[in-house]
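In the working numbering, the protein residues as written are 112 to 436.
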């Protein structure tokens with residue numbers, strides 16, 4: 112997920128351009144979730160439109176505030192402007208008021224109910240700064256201690272009685288990742304040396320995501336002609352929300368034609384909603400699908416593992432299950 116939206120397509124591009132004959136292996140497809148996609152997403156400023164729609168659609172904004180923003184910022188088309196807060200009189204003030212009223216949520220899961228006091232991961236970008244600044248993608252301080260040796264989080268991290276993380280997991284449960292990675296069986300399955308240590312250093316102090324590829328949309332436009340491609344998004348991810356991803360996937364990838372409009376897909380082929388899917392055909396051997404995962408935040412396999420597995424299985428079989436009447 113996330114910055115994998117840069118390094119996955121660039122890696123796949125290198126693999127399919129492999130000059131060895133025969134190639135050491137065949138790339139059968141590519142998938143990314145809640146991804147960066149420069150120049151559309153990450154490394155650039157973002158217009159406030161989709162962040163306003165997300166906040167309003169997820170109950171963080173009153174209809175009164177929504178109307179005030181629409182009136183002050185030139186409506187939907189005005190909010191799509193990168194300079195909307197400064198271009199329209201009163202727009203910046205309307206966004207600031209709505210931002211204060213929206214409160215704070217976990218940037219990777221709208222309905223996360225854990226107490227992240229003191230955790231910089233909790234920091235939320237404002238509606239206004241989304242439009243005027245490049246995103247600072249993760250703010251956690253780098254660790255110099257292997258994950259499995261790190262101390263447990265302080266009590267405030269999971270102090271709310273009955274609180275649950277995105278997807279319903281107990282608060283603090285993602286810390287189990289360190290213990291899992293320390294297991295010998297895990298290292299064997301990952302095909303890494305038994306002496307390997309894993310570190311948590313994502314975008315810590317001094318860490319900088321420097322884009323080496325300025326336009327991954329051009330890469331995706333090429334790959335969809337060669338192989339199946341899936342871009343998916345949790346629909347409760349405030350950080351890289353599904354409106355943003357839906358927009359660039361429908362408008363930024365060349366050579367695809369919608370063959371199946373937005374519709375629900377189910378986990379079981381009956382009534383268990385998995386999310387929604389829009390399907391596209393390409394002129395080549397590939398295809399393209401955009402799917403949402405209902406109720407998931409940023410890290411879909413961690414937050415909604417059952418739905419994530421069903422999504423991958425259905426994508427690989429080229430058949431997204433529908434509702435049964």
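Note that the Cβ used here is the ideal one computed from N, Cα and C, for glycine as well.
Just so it is clear, the structure is predicted and the values come from calculations on it, not from any experiment.
message: Whole angstroms are fine: how far does the CA of residue 291 sit from the CA of residue 297?
response: A straight-line Cα-Cα distance of about 7 Å links residue 297 and residue 291.
field: Among 215, 403, 411, 332, nearest to residue 121 - alpha-carbon criterion
entry: The candidate whose alpha carbon is nearest that of residue 121 is 332.
message: Using the Cβ count rule (16 or more neighbours within 10 Å means buried), how would you classify residue 303?
response: Exposed.
message: If I measure Cβ to Cβ from residue 387 and keep anything under 6 Å in the same chain, skipping five residues before and after, which residues do I get?
response: Cβ neighbours of residue 387 beyond the five flanking positions: 373, 375, 403.
message: Using the Cβ count rule (16 or more neighbours within 10 Å means buried), how would you classify residue 356?
response: By the beta-carbon neighbour count (other beta carbons within 10 angstroms, threshold 16), residue 356 is buried.
message: What does the Cβ neighbour count give for residue 136, buried or exposed, with the cut at 16 atoms within 10 Å?
response: Exposed.
- prompt: Can you tell me the Cα-Cα spacing of residue 143 and residue 119, whole angstroms?
  reply: For residue 143 and residue 119, the distance between alpha carbons rounds to 7 Å.
- request: Within 10 angstroms of the Cβ of residue 174, are there 16 or more other Cβ atoms? Answer buried if so, exposed if not.
  value: Around the C-beta of residue 174, fewer than 16 other C-beta atoms lie within 10 Å, and the residue is accordingly described as exposed.
- prompt: Exposed or buried, which one is residue 221 when buried takes at least 16 other CB atoms within 10 Å?
  reply: Answer is buried; the Cβ neighbour count reaches 16.
- prompt: Cα separation between residue 192 and residue 167?
  reply: Put simply, the backbone Cα of residue 192 is about 18 Å away from that of residue 167.
- request: Name, in chain order, the residues that DSSP records as bridge partners for residue 400.
  value: Note: residue 400 sits in a beta bridge opposite 341, 390.
- request: Compare the beta carbon distance of residue 401 and residue 408 with 8 Å and say whether it is the shorter of the two.
  value: Not closer than 8 Å, so no.
- prompt: At which residues does the beta strand (DSSP E) containing residue 369 begin and terminate?
  reply: Looking at the DSSP string, the run of the beta strand (DSSP E) that includes residue 369 is 367-377.
Between the CA atoms of residue 160 and residue 195 - distance to the nearest angstrom: If I take the Cα positions, the gap works out to 9 Å.
field: Whether residue 326 touches residue 149 by CB criterion (8 Å)
entry: The answer is yes: Cβ separation under 8 Å.
message: Give me the DSSP bridge partner(s) of residue 220.
response: According to DSSP, which records beta bridges pairwise, residue 220 is partnered with 217.
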